[in-house]
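Visitor: Following the numbering used here from start to finish, the sequence shown increments by one per residue and tops out at 655.
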Amino acid sequence: MKKNFVLDTNVILHDYSCIDHFEDNDIYLPITVLEELDRFKKGSEQIHYNARAFVRRLDELTSNELHLRGASLGPGRGMLYVVVGDHYQRRVANSFPERIPDHRILSAAVTVAERHPDMLTILVTKDINMRMKARALGIPVEDYFTDKVTDFVPFSENETVYEGIDPELIDRLYATPEGVEADLFGLPKRPEPNACFILKSHRNSVPARYVPFTERFHRVDKGAAVGLGIRPRNVEQSFAFEVLNDPEVKLVGITGRAGTGKTLLALASALRQMDDYKQILLARPIVALANKDIGYLPGSGKDKVAPYMQPLFDNLNVIRAQLAPGSKELRRLDELQKSDRLVIEALAFIRGRSLSETFCIVDEAQNLTPHEIKTIITRTGEGTKMVFTGDIEQIDSPYLDAQSNGLAYMIDKMRGERLFAHVNLVKGERSALAELASERL
Numbered sequence: 215m216k217k218n219f220v221l222d223t224n225v226i227l228h229d230y231s232c233i234d235h236f237e238d239n240d241i242y243l244p245i246t247v248l249e250e251l252d253r254f255k256k257g258s259e260q261i262h263y264n265a266r267a268f269v270r271r272l273d274e275l276t277s278n279e280l281h282l283r284g285a286s287l288g289p290g291r292g293m294l295y296v297v298v299g300d301h302y303q304r305r306v307a308n309s310f311p312e313r314i315p316d317h318r319i320l321s322a323a324v325t326v327a328e329r330h331p332d333m334l335t336i337l338v339t340k341d342i343n344m345r346m347k348a349r350a351l352g353i354p355v356e357d358y359f360t361d362k363v364t365d366f367v368p369f370s371e372n373e374t375v376y377e378g379i380d381p382e383l384i385d386r387l388y389a390t391p392e393g394v395e396a397d398l399f400g401l402p403k404r405p406e407p408n409a410c411f412i413l414k415s416h417r418n419s420v421p422a423r424y425v426p427f428t429e430r431f432h433r434v435d436k437g438a439a440v441g442l443g444i445r446p447r448n449v450e451q452s453f454a455f456e457v458l459n460d461p462e463v464k465l466v467g468i469t470g471r472a473g474t475g476k477t478l479l480a481l482a483s484a485l486r487q488m489d490d491y492k493q494i495l496l497a498r499p500i501v502a503l504a505n506k507d508i509g510y511l512p513g514s515g516k517d518k519v520a521p522y523m524q525p526l527f528d529n530l531n532v533i534r535a536q537l538a539p540g541s542k543e544l545r546r547l548d549e550l551q552k553s554d555r556l557v558i559e560a561l562a563f564i565r566g567r568s569l570s571e572t573f574c575i576v577d578e579a580q581n582l583t584p585h586e587i588k589t590i591i592t593r594t595g596e597g598t599k600m601v602f603t604g605d606i607e608q609i610d611s612p613y614l615d616a617q618s619n620g621l622a623y624m625i626d627k628m629r630g631e632r633l634f635a636h637v638n639l640v641k642g643e644r645s646a647l648a649e650l651a652s653e654r655l
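So this is what it looks like as structure tokens:
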């Protein structure tokens, strides 16, 4: 059945193309939403860009007849209407006498429902408290599901183990650096490209990776040193190191709880390959813990974002601590920073750039929206490798969750692509206390 959808402002700020994802249903925009979008037009953050892009899209779709007949969203699609001139509904006023934007949007949803009693009218919002208010008033309400991830298996499971493998094939993997044909192992289903797993027989086992470029299983070296004093501490970290060091894998997602070594491994791998890239770029979104801003800071642009970038400097200092004072590696690390070949900066500065021959690490990517992830990846030029790390259980952005964040969305959509690899780290290596806190708190 055809339905009416009333959109909240936060849906548009999350995805400026949202009106293209409601099939043949009609969309209603309360005039309050346009007023709120006007406040978000100025600024350099993603939500400001989304507000401007959405308004431009509206301008393309609508004409001076909007108030009379609405605007068509295209062949086989619904209509777009703006809700204007509606009175403040008594149902809403009795519970919420303050006419703040959220309450006016609730009132608009009631108005649309009254105008179309034969059609289901649904309010769409990413604000959980707004959804609770709507339910309390009996207004049908939903989250915005278009970019939600439903398969959580890749973010929770340990490494995959295939039992009953012929031990002679495992011996061949150990003895053959170029790998063994995947079809010889007789697995019920061929693994996804660049998937890492353990092959196990009754007498031996081997960590391996399916390399799609050769259609072979390659042995993963558990004892391989990352370099600069960093060495994988478990098989999962070895898997991460394997795909991070393969120049054919251009996009890598590394997920895991705090303390599993996501950022440290990525940085150590980048530094190990510093001769293969013109620049190593580390970036993270400026999102304060629990979304609590620390206020205005003095100094230059770099000085202002330095507190947010400190976790990346912490990882760099861990690597520095592994190097002997005055060593060649330490001097080279200093030279990389002085010559701007090793750069740590806020993610907001990437917009508009073209990243060529760059090893780019985006930390805390779970705080990005799917559109922000897309914007970053489309910045890549020839010879660039993109690595996204994050913990989908620790999200500080108020309108994102484990299902709708950009990191989970990117991994879900890129699975099966030859240029992509995902590794989930389960075991914490920071400290026994950090691991205990991740499990119990």
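Here a beta-carbon is modelled for each residue, glycine too, at the ideal position from N, C-alpha and C. All figures in this text were calculated on a predicted structure; none of them were measured in a lab.
Answer yes if the segment 557-574 comes into contact with the segment 486-501, meaning at least three C-beta pairs across the two stretches below 8 Å, and no otherwise.
Guide: With a cut-off of 8 Å, the segment 557-574 and the segment 486-501 count as touching, because enough Cβ pairs lie within range.
Visitor: Which word fits residue 423, buried or exposed, when buried means at least 16 other C-beta atoms lie within 10 angstroms of its C-beta?
Guide: Flag for residue 423 reads buried.
Visitor: Assign residue 618 to buried or exposed, taking buried as 16 or more other Cβ atoms, counted over all protein chains shown, within 10 Å of its Cβ.
Guide: Residue 618 is buried by the Cβ-count criterion.
Visitor: Expressed to the nearest angstrom, what Euclidean distance is found between the alpha-carbon atoms of residue 359 and residue 527?
Guide: The straight-line gap from Cα to Cα measures roughly 36 Å.
Visitor: Drop a sphere of 10 angstroms on the beta-carbon of residue 600, count the other beta-carbons inside from all chains shown, and report buried for 16 or more, exposed for fewer.
Guide: So residue 600 ends up on the buried side.
Visitor: Between which two residues does the alpha helix (DSSP H) holding residue 424 run?
Guide: Not the alpha helix (DSSP H): residue 424 falls in the beta strand (DSSP E), residues 419-425.
Visitor: If you run the structure through DSSP and keep just helix, strand and coil, what is residue 302?
Guide: It is coil, neither helix nor strand.
Visitor: Cα separation between residue 616 and residue 435?
Guide: The straight-line gap from Cα to Cα measures roughly 32 Å.
Visitor: Thinking residue 471 and residue 642 are a contact (beta carbons under 8 Å), I'd like their distance in whole angstroms, please.
Guide: Contact flag correct, Cβ pair sits at about 6 Å.
Visitor: Ignoring anything shorter than 4 residues, give me the alpha helix (DSSP H) runs that lie fully in the segment 573-598, in order along the chain.
Guide: The qualifying runs are 584-591.
Visitor: List the endpoints of the continuous alpha helix (DSSP H) containing residue 262.
Guide: Where residue 262 is concerned, the enclosing alpha helix (DSSP H) stretches over 260-275.
Visitor: From residue 229 to residue 264, what distance separates their C-alpha atoms?
Guide: Going by the C-alpha atoms only, they are around 7 Å apart.
Visitor: Any Cβ of chain B within less than 8 Å of the Cβ of residue 497?
Guide: No chain B is present in this structure, which holds just one protein chain.
Visitor: I think residue 482 touches residue 533, with their Cβ atoms under 8 Å apart; what is that distance to the nearest whole Å?
Guide: Going by Cβ atoms, the distance from residue 482 to residue 533 rounds to 6 Å, so yes, they are a contact pair.
Visitor: Give the single residue among 248, 550 and 580 whose Cα lies nearest to the Cα of residue 225.
Guide: Closest option to residue 225, Cα to Cα, is 248.
Visitor: Where does residue 314 sit, in a helix, a strand or coil, going by DSSP?
Guide: Three-state result, residue 314: coil.
Visitor: Given this structure, state the Cα-to-Cα distance separating residue 553 from residue 415, to the nearest angstrom.
Guide: Looking at the two C-alpha atoms, the distance is approximately 51 Å.
Visitor: When you compare each of 570, 606, 611 and 609 to residue 591 by their alpha carbons, which one comes out closest?
Guide: For the residues 570, 606, 611 and 609, the minimum Cα distance to residue 591 belongs to 570.
Visitor: Report buried or exposed for residue 241, applying the criterion of at least 16 other Cβ atoms within 10 angstroms of its Cβ.
Guide: Buried, since its Cβ has 16 or more Cβ neighbours within 10 Å.
Visitor: Heavy atom of the ligand ATP less than 7 Å from the Cβ of residue 413, yes or no?
Guide: Summarising the ligand content, the structure contains no ligands, and the ligand ATP is consequently not present.
Visitor: With contact counted as at least three CB pairs below 8 Å, one residue from each stretch, are the segment 450-467 and the segment 403-412 in contact?
Guide: Touching, yes, given that three or more Cβ pairs across the two stretches are closer than 8 Å.
Visitor: Which of helix, strand or coil does DSSP assign to residue 397?
Guide: The answer is helix: DSSP assigns residue 397 an H, G or I state.
Visitor: In three-state DSSP terms, what is residue 285?
Guide: Residue 285: strand per DSSP, three-state reduction.
Visitor: Answer yes if the segment 382-389 comes into contact with the segment 340-350, meaning at least three C-beta pairs across the two stretches below 8 Å, and no otherwise.
Guide: These segments do not touch.
Visitor: Please name the residue, chosen from 245, 602 and 537, that lies closest to residue 269 on a Cα-to-Cα basis.
Guide: Of the listed residues, the one whose Cα sits closest to residue 269 is 245.
Visitor: Within a Cβ cutoff of 7 Å, which residues of the same chain sit near residue 299, ignoring the five residues on either side of it in sequence?
Guide: Taken in chain order, the list of residues that qualify is empty.
Visitor: Taking the beta strand (DSSP E) that residue 279 falls in, what are its first and last residues?
Guide: First-last for residue 279: undefined, no H or E at that position.
Visitor: Can you tell me the Cα-Cα spacing of residue 508 and residue 258, whole angstroms?
Guide: Residue placement at residue 508 cannot be trusted, given a pLDDT of 45 that sits under 50; the coordinates are not used to answer.
Visitor: Going by CA-CA distance only, name the one from 473, 287 and 589 that's closest to residue 646.
Guide: Nearest C-alpha to residue 646: 473.
Visitor: DSSP has residue 410 in a bridge; who is on the other side?
Guide: According to DSSP, residue 410 bridges with 423.
Visitor: Given a threshold of 16 other Cβ atoms within 10 Å of its Cβ, counted over all protein chains shown, does residue 278 qualify as buried or as exposed?
Guide: Result: exposed.
Visitor: DSSP three-state call for residue 506: helix, strand or coil?
Guide: Note that residue 506 has pLDDT 47, beneath the 50 cutoff, so the model's placement of it is unreliable and no number is given.
Visitor: Residue range of the alpha helix (DSSP H) that residue 254 falls in?
Guide: Looking at the DSSP string, residue 254 is not in any alpha helix (DSSP H), and its letter there is neither H nor E.
Visitor: Do you know how far the Cα of residue 606 is from the Cα of residue 420?
Guide: Near 29 Å, if we compare the C-alpha coordinates of residue 606 and residue 420.
Visitor: Taking C-alpha atoms, which residue in 443, 427, 604 and 587 lies nearest to residue 631?
Guide: Nearest of 443, 427, 604 and 587 to residue 631, Cα basis: 427.
Visitor: Return the CA-CA distance between residue 310 and residue 457, expressed in angstroms with no decimal places.
Guide: Looking at the two C-alpha atoms, the distance is approximately 54 Å.
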